[in-house]
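S.K.: The sequence shown begins at 25 in the working numbering and counts up one residue at a time.
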Amino acid sequence: MTDAPGRRPRAGRRAAAFWSARGVPAAPALALALSALALAAAAAPKPAGPLEERRGHVNVARVAGSINPASSDYLKRAISRSEEEEAALLVVELDTPGGLVASTKDIIQAMLNARVPIAVYVSPQGAWAGSAGTFITLAGHIAAMAPGSSIGAAHPVGIGGGGGPRDKDDRPDPAEQKAENLLVAFIESIARERDRNVEWAAKAVRESVAVTADEALRLRVIDLVASSRTELLEEIAKREIRFAGGRVKLDVGGAAPREIAMSPLTRFLNVLVDPNVAVILLLAGVLGLYVEFNQPGTLVPGVIGGVCLLLALVAMQILPFSWLGLLLMAVGLALLVAEAFVTSWGALFVAGLACFLLGGSMLFDRPELSDLDVSFWSVLLPAVTGFALFGGIVVFALGRTLGRPQTAGVGELLGLVGESVTPIAPQGTVFVRGEHWRAKAPEPIGAHERVEIVAVQGLELTVRRAKPED
25 MTDAPGRRPR AGRRAAAFWS ARGVPAAPAL ALALSALALA AAAAPKPAGP LEERRGHVNV
85 ARVAGSINPA SSDYLKRAIS RSEEEEAALL VVELDTPGGL VASTKDIIQA MLNARVPIAV
145 YVSPQGAWAG SAGTFITLAG HIAAMAPGSS IGAAHPVGIG GGGGPRDKDD RPDPAEQKAE
205 NLLVAFIESI ARERDRNVEW AAKAVRESVA VTADEALRLR VIDLVASSRT ELLEEIAKRE
265 IRFAGGRVKL DVGGAAPREI AMSPLTRFLN VLVDPNVAVI LLLAGVLGLY VEFNQPGTLV
325 PGVIGGVCLL LALVAMQILP FSWLGLLLMA VGLALLVAEA FVTSWGALFV AGLACFLLGG
385 SMLFDRPELS DLDVSFWSVL LPAVTGFALF GGIVVFALGR TLGRPQTAGV GELLGLVGES
445 VTPIAPQGTV FVRGEHWRAK APEPIGAHER VEIVAVQGLE LTVRRAKPED
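Written as structure tokens, this is what we have:
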């Protein structure tokens with residue numbers, strides 16, 4: 025039922041009557057009532073914006089390995105391409121132990137400002153989203169994991185573990201504490217932006233906590249667990265996600281994914297900037313130069329060693345390295361080279377290997393810039409051991425060569441037995457090792473007798489009658 029034309033609305037009349045009964049004039053009472061209704065309407069929760077539905081293809085980018093400038097450039101290119109193609113979704117399949125802080129920051133910035141929904145999927149089963157991978161997973165509009173995968177352990181740790189060095193009062197090193205606080209603030213802002221478990225995110229950095237896929241789902245670290253890419257897309261199609269300040273439903277169930285592959289150069293750099301690969305290249309380069317110094321003129325080991333050293337230097341231009349570790353490895357190289365010229369009975373060789381072990385373990389120990397490091401037991405120690413064995417074999421073979429009788433030149437003719445072709449009285453001709461030589465003898469020797477070479481003077485041999493054969 026409506027009020028007659030020209031009459032006040034029924035709610036307004038009631039409010040005016042309420043205030044008039046309390047001594048408030050009718051007109052001001054009506055204005056006051058209308059103002060209260062307006063304030064109440066403004067304070068009431070507003071309905072969410074209209075639900076947007078996105079259709080289209082799905083792009084897939086795959087990162088398996090460390091987070092470095094190469095993988096960072098690849099992911100940023102994948103995001104930019106997905107925006108240009110107006111893809112419905114970009115799926116980032118992730119399996120990483122960690123990476124460089126600067127590269128992680130670049131990826132996070134690109135993801136937070138992306139104009140395309142991004143789903144980070146830690147896969148396949150048994151994959152890691154360790155350290156830098158934790159930041160990237162939390163930054164996705166959708167965070168998913170495969171069964172058996174894990175996430176966490178984002179604390180910056182050096183080679184010694186245990187949270188880094190401490191001072192005499194057992195307090196954390198200020199530089200590492202600063203790095204830790206920055207990373208905690210960074211991951212908390214990411215988790216808060218994506219409405220995920222902020223408290224757990226901070227613990228992942230401060231306490232290096234790590235959880236399985238099921239635990240991450242229970243703790244609201246991720247959104248879902250999917251055993252395959254197909255299952256992931258089907259689960260996403262059933263959900264609404266927050267995107268660009270609104271709500272989006274992604275119609276991607278059954279969509280055919282389009283793979284975005286790394287370019288050959290990016291793939292090469294992605295492998296090259298692995299600290300383990302860089303150390304192996306460095307050792308291979310040193311080994312090549314060591315062989316070249318021991319056997320000058322062989323060229324091939326020297327060329328291969330030079331190329332390996334050049335590639336190692338390229339990797340070290342990208343990776344944050346420790347000057348102390350590099351200095352120790354340079355001292356190790358100097359000791360190995362000195363071994364080729366100084367008789368130390370292997371002492372310099374052993375000292376050089378010790379410098380390589382110590383320097384290699386410290387070479388990429390920069391927790392404030394990277395959580396990447398050389399694997400001591402599975403890479404560095406076997407590589408240096410192989411280096412030692414190969415170098416020992418080279419030295420042993422060289423020693424045996426020096427101890428052998430001469431097999432080339434004039435000296436090799438001494439002691440050989442031949443046959444006189446003509447009588448030697450005192451000069452004549454002998455046949456030795458397939459060749460005829462002019463010869464002389466201190467005593468006459470008849471033709472077709474066995475002779476032994478005792479001296480060589482130019483192209484003339486001095487011979488004597490050989491002992492009879494047994």
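Idealized CB from N, CA, C, for every residue including glycine.
(1) Below 8 Å on the Cβ atoms is my guess for C506 versus A308; work out the distance and round it to an integer in Å.
(2) Just the C-alpha distance for A280 and G269, rounded to the nearest angstrom, thanks.
(3) What are the start and end residues of each continuous alpha helix (DSSP H) run of 4 or more residues lying completely inside the segment 100-150, in chain order?
(4) Measuring CA to CA, which of R139, V324, P121 and I132 is closest to I175?
(5) Work out the CA separation of S368 and T486 for me, nearest whole Å.
(6) Report yes if the C-beta distance between Y145 and V115 is below 9 Å; otherwise report no.
(7) Less than 6 Å between C-beta atoms, sequence neighbours within five positions excluded: which residues of the same chain meet that for E363?
(8) Excluding five sequence neighbours on each side, which residues of the same chain lie with their C-beta closer than 6 Å to the C-beta of C379?
(9) Is N92 helix, strand or coil by DSSP?
(10) Rounded to the nearest angstrom, what separates A170 and N294 at their Cα positions?
(11) Tell me whether S213 sits in a helix, a strand or coil according to DSSP, three-state version.
(12) Within the chosen definition, does the segment 463-483 reach the segment 438-455 through at least 3 CB pairs nearer than 8 Å?
(13) Quick check: the Cα distance between A248 and V338, rounded to an integer number of angstroms?
(14) Please report how far the alpha carbon of V327 lies from the alpha carbon of V398, in whole angstroms.
(15) Using DSSP bridges, identify the partner residues of V480.
(16) Is it right to say I417 is buried, meaning 16 or more other beta carbons lie within 10 angstroms of its own, or is it exposed?
(17) Judging by CA-CA distance, which residue of R488, S104, P198 and A156 is the nearest neighbour of P141?
(18) Cβ atoms of E117 and S147: under 9 Å apart, would you say?
(19) Tell me the rounded alpha-carbon separation between G172 and E259.
(20) Can you tell me whether DSSP reads L359 as helix, strand or coil?
(21) DSSP three-state call for D275: helix, strand or coil?
(22) Between the alpha carbons of I211 and Q201, how many angstroms are there, rounded?
(23) Roughly how many angstroms separate the alpha carbons of R230 and V315, rounded to a whole number?
(24) CB-CB under 8 Å to L359, same chain, minus the five flanking residues each way: which ones, in chain order?
(25) Going straight from the alpha carbon of G188 to that of I214, what length do you get?
(26) What is the rounded straight-line gap between the Cα of R266 and the Cα of V272?
(27) Would you please state the rounded distance, in angstroms, between the beta carbons of A177 and S232? I believe it to be under 8 Å.
(28) Rounding to the nearest angstrom, what Cα-Cα distance links P325 and L405 in this structure?
(29) For the beta strand (DSSP E) containing Q451, list its first residue and its last residue.
(30) Which same chain residues, not among the five before or five after V478, have their C-beta less than 6 Å away from its C-beta?
(31) Could you check where the beta strand (DSSP E) with V235 kicks off and where it finishes?
(32) When you compare each of G439, E443 and E239 to V480 by their alpha carbons, which one comes out closest?
(33) Sort out for me which residues DSSP pairs E459 with in a bridge.
(34) Tell me which residues share the same chain as A45 and place their Cβ nearer than 8 Å to its Cβ, disregarding the 5 neighbours each side in the sequence.
M.R.: In brief:
(1) The structure shown does not extend to residue 506, since the chain spans only 25 to 494, so no value can be given for it.
(2) The residue you call residue 280 lines up with position 256 of the sequence shown. The residue you call residue 269 lines up with position 245 of the sequence shown. Spanning the two alpha carbons is a distance of roughly 27 Å.
(3) 125-136
(4) By 1-based counting over the sequence shown, the position of residue 175 is 151. Considering only alpha carbons, the answer is P121.
(5) Stepping through the sequence shown from its first residue, residue 486 is reached at position 462. Stepping through the sequence shown from its first residue, residue 368 is reached at position 344. Whole-angstrom Cα-Cα distance: 42 Å.
(6) As a first step, residue 145 must be located in the sequence shown, where it is residue number 121. As a first step, residue 115 must be located in the sequence shown, where it is residue number 91. Cβ atoms of Y145 and V115: closer than 9 Å.
(7) Position 339 of the sequence shown holds residue 363. So the list reads L372 and F373, once near-sequence residues are dropped.
(8) Counting from one through the sequence shown, the residue named residue 379 turns up at place 355. Only L352, V355 and G356 meet the Cβ criterion.
(9) The residue labelled residue 92 in the question sits at position 68 within the sequence shown. N92 falls in the coil class under three-state DSSP.
(10) Mapped onto the sequence shown, residue 170 falls at position 146. Mapped onto the sequence shown, residue 294 falls at position 270. A170 and N294: Cα-Cα distance of roughly 24 Å.
(11) Mapped onto the sequence shown, residue 213 falls at position 189. Three-state DSSP puts S213 in a helix.
(12) yes
(13) Within the sequence shown, numbered from 1, the residue matching residue 248 stands at position 224. Within the sequence shown, numbered from 1, the residue matching residue 338 stands at position 314. Checking the displayed sequence, the identity of residue 248 turns out to be Leu instead of Ala. Each residue's alpha carbon lies about 40 Å from the other.
(14) Position 303 of the sequence shown holds residue 327. Position 374 of the sequence shown holds residue 398. Roughly 26 Å separates the two Cα atoms.
(15) Stepping through the sequence shown from its first residue, residue 480 is reached at position 456. Answer is L485, bridged to V480.
(16) Sequence index remark: in the sequence shown, residue 417 carries index 393 (1-based). Counting Cβ neighbours within 10 Å, I417 comes out exposed, since fewer than 16 surround it.
(17) In the sequence shown, residue 141 corresponds to position 117, counting from 1. If we check each option's Cα against that of P141, S104 comes out closest.
(18) Taking the first residue of the sequence shown as 1, we reach residue 147 at position 123. Taking the first residue of the sequence shown as 1, we reach residue 117 at position 93. Closer than 9 Å, so yes.
(19) To locate residue 172, count along the sequence shown from 1; it is residue 148. To locate residue 259, count along the sequence shown from 1; it is residue 235. One C-alpha to the other measures close to 18 Å.
(20) The sequence position of residue 359 within the sequence shown is 335, counting from 1. In this structure, L359 counts as helix in the three-state DSSP scheme.
(21) Here the question's residue 275 lines up with position 251 in the sequence shown. D275 falls in the strand class under three-state DSSP.
(22) Residue 211 sits at position 187 when you count from the first residue of the sequence shown. Residue 201 sits at position 177 when you count from the first residue of the sequence shown. Their backbone Cα atoms lie some 15 Å apart in a straight line.
(23) Here the question's residue 230 lines up with position 206 in the sequence shown. Here the question's residue 315 lines up with position 291 in the sequence shown. Straight-line Cα distance between these residues: approximately 47 Å.
(24) As a working mapping, residue 359 is identified with position 335 in the sequence shown. Here the set comprises L372, F373, A375, G376 and C379.
(25) Your numbering for residue 188 matches position 164 in the sequence shown. Your numbering for residue 214 matches position 190 in the sequence shown. With a pLDDT of 49 at G188, under the threshold of 50, the modelled position of this residue cannot be trusted; read the value that follows with caution. Spanning the two alpha carbons is a distance of roughly 25 Å.
(26) Mapped onto the sequence shown, residue 266 falls at position 242. Mapped onto the sequence shown, residue 272 falls at position 248. So the alpha carbons of these two residues sit roughly 6 Å apart.
(27) Within the sequence shown, the letter at position 153 stands for residue 177. Within the sequence shown, the letter at position 208 stands for residue 232. Sure, about 5 Å apart at Cβ, within 8 Å.
(28) Residue 325 sits at position 301 when you count from the first residue of the sequence shown. Residue 405 sits at position 381 when you count from the first residue of the sequence shown. So the two alpha carbons sit approximately 22 Å from each other.
(29) Residue numbering aside, residue 451 sits at position 427 when the sequence shown is read from its first letter. Q451 to V456 is the extent of the beta strand (DSSP E) around Q451.
(30) Here residue 478 corresponds to residue number 454 of the sequence shown, with the count starting at 1. Closer than 6 Å at the Cβ level, and outside the excluded window around V478, lie T486 and R488.
(31) As a first step, residue 235 is located in the sequence shown; it is residue number 211 there, counting from the start. Here the beta strand (DSSP E) through V235 covers A234 to T236.
(32) Residue numbering aside, residue 480 sits at position 456 when the sequence shown is read from its first letter. Comparing Cα positions, the closest option is G439.
(33) By 1-based counting over the sequence shown, the position of residue 459 is 435. Beta-bridge pairing links E459 to V456.
(34) Residue 45 sits at position 21 when you count from the first residue of the sequence shown. In this predicted model, A45 has a pLDDT of only 45, less than 50, meaning its place in the structure is not dependable; the value taken from the coordinates is given anyway. Cβ neighbours of A45 beyond the five flanking positions: none.
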